[in-house]
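According to numbering that gives the first Met the number 0, the sequence shown is numbered sequentially starting from 0. Glycine included, C-beta positions come from ideal geometry on N, C-alpha and C. Predicted model only: the values in this text are computed from it and were never measured. Worksheet for the structure shown next.
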Amino acid sequence: MRALIYLLGILALIVGSAAGAAEEVPVPPLAARITDLTGTLDAGQLASLEAELRAFEQKRGSQIAVLMLPSTQPETIEQYAMRVAERWKIGRAKVDDGLILIIAKKDQRLRIEVGYGLEGVIPDVVAKRVIREVIAPHLLANDFYGGIRDGTQTLMKLIESEKLPPPAQAKASASTDYQSLFVILLIVAVVAGGVLKAVFGRLFGSAATGAAAGFIAWAIAGALGAAVIAGLVAFFIALLGGGRGYYPGGFGGGRGGGFGGGGGGFGGGGGGFGGGGASGSWGNN
């Protein structure tokens, strides 16, 4: 009896060790729109796909990410995809317009995971058709680049038909326009102000500077309020600047602001997923 219990204990340890060995595949950190853990895509292909998805995000605001890995085992691709979605948070917060394409090369399985906000334009049946008719034929021919390229292009066309909030960059560009306007007005106040004050005197020269700055602001912005404010600001800068002009401090080279400069990494925007999408296979699976 003791021998039997001993053998059962050994068997339990073996089974437990085997179960422990079958650990979940970790979710890689998100650093780019295209993550290839299989080494299938070359540098040129990665750069081309990355650029296309980046341009789409800048234009529409929606985020698309692609992950290629050898296998999702012991999990199904659906289980693994949800962990990726929860970790990466592709898509904008409260808009939930993210989409993830996952390809498990060794398993010959793939999945399109669709964010909440895109489930209307890319329902499960449509995602299934994209897999079956667009992506899978390329993968069957061992053309992974072509499958990802054509698949993401098809998905982007579908997203373009959906009414979504404009990307945040549009708002940022408006802010940048006003920053450029301020720089122009500052130059007018400093350079033109010194000349006009030398010709017309301090008070009338400053008034002429304000009038010129207001006219430029009106011509650029097309808003009377902006023109009035710009004129007053330029007037006081010229008036208080002294004979040699006024150069306010705090401008340290002009490019040290909070812009990534294109060299930073890629990150999710806080989008949510609820399991929408479809899975498929190619080959014998």
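Quick check: the Cα distance between residue i and residue j, rounded to an integer number of angstroms?
{"i": "Lys162", "j": "Arg59", "result": "10 Å"}
{"i": "Leu154", "j": "Val129", "result": "8 Å"}
{"i": "Phe55", "j": "Leu100", "result": "16 Å"}
{"i": "Gly275", "j": "Trp281", "result": "21 Å"}
{"i": "Leu40", "j": "Pro28", "result": "18 Å"}
{"i": "Val24", "j": "Glu49", "result": "24 Å"}
{"i": "Val83", "j": "Gly114", "result": "12 Å"}
{"i": "Val227", "j": "Ala211", "result": "11 Å"}
{"i": "Gln62", "j": "Asp96", "result": "7 Å"}
{"i": "Val232", "j": "Gly209", "result": "7 Å"}
{"i": "Thr71", "j": "Asp106", "result": "8 Å"}
{"i": "Arg32", "j": "Ile147", "result": "12 Å"}
{"i": "Ala216", "j": "Phe265", "result": "37 Å"}
{"i": "Asn283", "j": "His137", "result": "15 Å"}
{"i": "Glu118", "j": "Gly43", "result": "32 Å"}
{"i": "Arg86", "j": "Ser47", "result": "25 Å"}
{"i": "Val198", "j": "Ser205", "result": "11 Å"}
{"i": "Pro166", "j": "Lys88", "result": "17 Å"}
{"i": "Leu202", "j": "Gly193", "result": "12 Å"}
{"i": "Leu52", "j": "Glu22", "result": "32 Å"}
{"i": "Lys127", "j": "Gln152", "result": "15 Å"}
{"i": "Pro122", "j": "Pro164", "result": "20 Å"}
{"i": "Gly145", "j": "Ile102", "result": "13 Å"}
{"i": "Val26", "j": "Ala229", "result": "52 Å"}
{"i": "Gly261", "j": "Leu45", "result": "At Gly261 the pLDDT is 33, less than 50, meaning the model places this residue with poor confidence and gives no usable figure here."}
Measure the CB-CB distance between residue i and residue j and report whether it falls below 9 Å.
{"i": "Leu98", "j": "Val125", "result": "no"}
{"i": "Glu112", "j": "Phe235", "result": "no"}
{"i": "Ala64", "j": "Gly267", "result": "yes"}
{"i": "Lys93", "j": "Gly269", "result": "yes"}
{"i": "Ile110", "j": "Ala277", "result": "What sits at residue 110 in the sequence shown is Arg, not Ile. Their beta carbons are under 9 Å apart, which means Arg110 touches Ala277 by this criterion."}
{"i": "Leu195", "j": "Ala207", "result": "yes"}
{"i": "Pro69", "j": "Thr34", "result": "no"}
{"i": "Gly150", "j": "Gly116", "result": "no"}
So residue i packs on residue j, CB below 8 Å; how close in whole Å?
{"i": "Ile81", "j": "Lys104", "result": "According to the sequence as given, residue 81 is Met; it is not Ile. The pair is not a contact, with the Cβ atoms about 20 Å apart (cut-off 8 Å)."}
Quiz item: Is the region 127-143 close to the region 76-88, with three or more CB pairs under 8 Å?
Solution: No: fewer than three Cβ pairs fall under 8 Å.
Quiz prompt | Sequence ranges, beta strand (DSSP E) only - wholly within the region 46-79, length at least 3 | solution = Here the runs fully enclosed are 62-68.
Quiz prompt | Segments of 3+ residues assigned as beta strand (DSSP E) that fall wholly inside the region 77-145 | solution = Given a length threshold of 3 residues, each whole run of the beta strand (DSSP E) inside the region 77-145 is given here in chain order: 97-103, 108-114.
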